[in-house]
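In the working numbering, the protein residues as written are 664 to 880.
Virtual Cβ for every residue (Gly too), placed ideally from N, Cα, C.
Since the structure is predicted, the reported quantities are computational estimates derived from the model, not experimental observations.
Pasting the structure below:
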């Protein structure tokens with residue numbers, strides 16, 4: 664198993680809980696999505712991945728989409744401090760194996776993990792999973808075709824960075840960035856950067872979606 668969360672105290676507490684519940688299971692931890700990608704490059708034999716929905720870097724549901732498209736055999740249990748029903752429904756429709764609140768007690772955590780490990784979907788009380796639409800399934804497939812580096816570049820593109828800035832951040836040449844951009848647009852089946860960002864934004868979870876009552880209508 665692997666726990667991905669940028670808050671060290673919560674991450675360590677959850678890892679400790681998992682170790683107590685499954686003493687024979689190795690539990691990895693990652694503080695960022697980039698650390699998770701590095702781990703997956705060396706070990707994909709994971710029974711379960713617990714992923715914070717709100718990691719730094721505007722990951723939102725795009726991280727879930729990338730994982731489901733690239734590693735469909737690994738169930739992803741999303742964790743979040745927000746229990747917004749609409750976001751949970753979106754996550755489940757996009758392939759999450761379940762949703763777990765950060766306020767859940769150890770008994771609930773144990774039930775959720777057991778449920779997912781048995782191949783079922785863990786759904787918070789009062790909610791029912793919705794089937795993914797054809798458009799959502801196709802978007803997950805496209806995102807999942809990106810390499811880890813291409814996914815990083817797409818996120819930077821979404822933050823408004825120019826090719827020169829991306830090259831600097833990743834310590835690669837601008838020509839390499841342009842080559843990745845071409846591959847990204849081909850895999851996402853778009854013709855320009857704006858369309859690529861539009862697709863990415865469909866999978867982001869913004870704070871206003873959690874705070875604005877009108878966004879839930």
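- Setting aside the 5 residues that flank it on each side, residue 865 is surrounded in the same chain by 802, each with a C-beta closer than 8 Å to its C-beta; the list follows chain order.
- For residue 675, the enclosing alpha helix (DSSP H) starts and ends at 671 to 684.
- Taking one beta carbon from each stretch, the segment 725 to 740 and the segment 760 to 767 have 3 or more pairs nearer than 8 Å; the two touch.
- When C-alpha distances from residue 754 are compared across 670, 858, 729, 860, the shortest belongs to 729.
- Contact annotation: residue 702 and residue 665 have beta-carbon atoms nearer than 8 Å.
- By the Cβ-count criterion, residue 785 is buried, with 16 or more other Cβ atoms from all chains shown falling within 10 Å of its own Cβ.
- When DSSP states are grouped into helix, strand and coil, residue 761 belongs to the strand group.
- Take residue 846, set aside five residues on each side of it, and the residues of its chain with a beta-carbon closer than 7 Å to its own are 813, in chain order.
- Here residue 826 is buried: its Cβ has 16 or more other Cβ atoms, across all protein chains shown, within 10 Å.
- Note that the C-beta distance between residue 757 and residue 709 is not below 8 Å.
- In this structure residue 820 is in contact with residue 856, their Cβ atoms being roughly 6 Å apart against a cut-off of 8 Å.
- The C-beta separation of residue 776 from residue 684 comes to about 7 Å, placing the pair in contact by the 8 Å criterion.
- Take residue 668, set aside five residues on each side of it, and the residues of its chain with a beta-carbon closer than 6 Å to its own are 674, 715, in chain order.
- The C-alpha of residue 824 is placed about 12 Å away from the C-alpha of residue 837.
- Distance check between residue 807 and each of 778, 733, 788, 842 places 733 closest, using alpha-carbon atoms only.
- Only residues of its own chain outside the window of five on either side were considered, and among them 758, 803 have a CB closer than 6 Å to the CB of residue 731, listed in chain order.
- For the pair residue 711 and residue 779, the CB atoms are nearer than the 8 Å cut-off.
- Cβ neighbours of residue 860 within its own chain (closer than 7 Å, five residues either side excluded): 820, 821.
- The alpha-carbon of residue 842 is positioned some 26 Å away from that of residue 695.
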